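Peer 1: Please read through the structure below; I'll follow up with questions.
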Amino acid sequence: MAAPLAALRVHLLRHLQVFFYSLGQLSRTPLATLMTAAVIGIALALPAGLHVLLDNAQRLSGGWDGATQISLFLKKNVSDARARRLAETIRRRPEVAAVDYIPRDQALAEFERLSGFGDALKALDENPLPSVLVVRPRPEAATPEAAEKLLGRLRQYGPVELAQLDMQWVKRLYVIMDLVRRGVLVLGLLLGLAVLLVVGNTIRLAIQNRRDEIVVMKLIGGTDAFIRRPFLYTGFWYGLFGGLIAAALVGLALWVLAGPVERLAGLYQSPFRLAGLGGGELLILLLLAIGLGLAGSWLAVGRHLREIEPA
């Protein structure tokens, strides 16, 4: 039992030595290291920043879901008492936030005020407008799909003659948000590929610069795994530094935009404030950056290390 533990301890110690050795190698060329990490950071900051802005847009639009309304036009023979009972029944539904009842007389008065046809309406023998129930769904039921289902259920009530969903602009908003989300995903994939290429090319140059050293290590029995290790950790450091730079750039951009956004929100009496990367999102960004750094270095080492053999 002691022998395997000792072997594991030695193995971990060697990894730790190479871990800091690779960092020391990068510290000898700080400008080149910074430039490579900056390129990685900029490539990752763009999709990360767009993701944050998209999240803020979704958070802002979440307050607009309350504007989604379902108008239920009741039959003319429905009494005021029956209409109020129906409003109370609908109000008790779990997916409904509020129900406003607009009697026929109130609907006529509002129409006269807004349309300017007051004299023409007074000439009519009876009120042509029906009573209306305005139903506002809860936020979780305000998406286009959920609102359509709720519309179908409300349409089945007997006193309802016509049910109308007033959310055409909300549908357009959801389509636009989905399009932007897909665009951010495609951009992220392309820039992730760019990070792989940047790291791979940097590691390739490092391998070429240490070609003689690699040949000597192979002559004395160094395995490919042993030779590969410092380059993999170099990719790790590039990814970590690039991820930190990306997070800093996103934070800086949000700091620059925060003031104008707050002033714009204030003009609309809105408490909206830009939200940055959360702890979980920051961790995902760093892990993704490190993963890309390791993947790029692994691909470069796997390809170019095989080409170097002692004569």
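For what it's worth, the numbering used here labels the leading residue of the sequence shown as 158, then goes sequentially. Yeah, the Cβ is synthetic: ideal placement off N, Cα and C, and Gly gets one too. Since we're looking at a predicted model, the values are computed, not measured.
Can you give me the C-alpha to C-alpha distance between Ser-288 and Asp-237, rounded to a whole angstrom?
Peer 2: So the two alpha carbons sit approximately 8 Å from each other.
Peer 1: Does DSSP put Val-209 in a helix, a strand or coil?
Peer 2: Note: Val-209 maps to helix in three-state DSSP.
Peer 1: What's the C-alpha gap between Phe-398 and Leu-462?
Peer 2: Cα to Cα, Phe-398 sits roughly 25 Å from Leu-462.
Peer 1: Counting pairs of beta carbons, one from the region 190 to 201 and one from the region 443 to 450, are three or more of them closer than 8 Å?
Peer 2: Short answer: they touch.
Peer 1: From Lys-232, Asn-234, Arg-295 and Leu-231, pick the residue whose C-alpha is nearest to that of Ala-254; which is it?
Peer 2: Checked all of Lys-232, Asn-234, Arg-295 and Leu-231; the closest Cα to Ala-254 is Arg-295.
Peer 1: To which residues does DSSP link Ile-227 through a beta bridge?
Peer 2: For Ile-227, which the question treats as bridged, DSSP gives the partners Val-292 and Leu-322.
Peer 1: What distance in whole Å lies between the Cβ atoms of Leu-442 and Ala-403, which are believed to be in contact at a cut-off of 8 Å?
Peer 2: Right, their Cβ atoms sit about 6 Å apart.
Peer 1: So what does DSSP say about Val-235, is it helix, strand or coil?
Peer 2: The answer is coil: DSSP assigns Val-235 none of H, G, I, E or B.
Peer 1: Throw me the rounded Cβ distance for the Val-175 and Arg-386 pair, which I believe falls under 8 Å.
Peer 2: Right, their Cβ atoms sit about 5 Å apart.
Peer 1: Suppose you measure from the CA of Pro-301 to the CA of Ile-227; what does that come to, to the nearest Å?
Peer 2: For Pro-301 and Ile-227, the distance between alpha carbons rounds to 12 Å.
Peer 1: Could you please give me the residues that DSSP links to Asp-122 through a beta bridge?
Peer 2: In the structure as shown, the chain begins at 158 and stops at 468. Residue 122 is therefore absent and cannot be evaluated.
Peer 1: Short of 6 Å in beta carbon distance, which residues of its chain neighbour Ile-377, apart from the five on each side in sequence? Order them along the chain.
Peer 2: Excluding sequence neighbours, Ile-377 sits near nothing in its chain.
Peer 1: Once you ignore the five residues that flank Lys-232 on each side, which residues in its own chain have a CB closer than 8 Å to its CB?
Peer 2: Once the five neighbours on either side are set aside, the close Cβ partners of Lys-232 are Pro-287, Pro-316, Val-317 and Glu-318.
Peer 1: Please state the DSSP three-state secondary structure of Tyr-258.
Peer 2: Here Tyr-258 sits in strand by DSSP.
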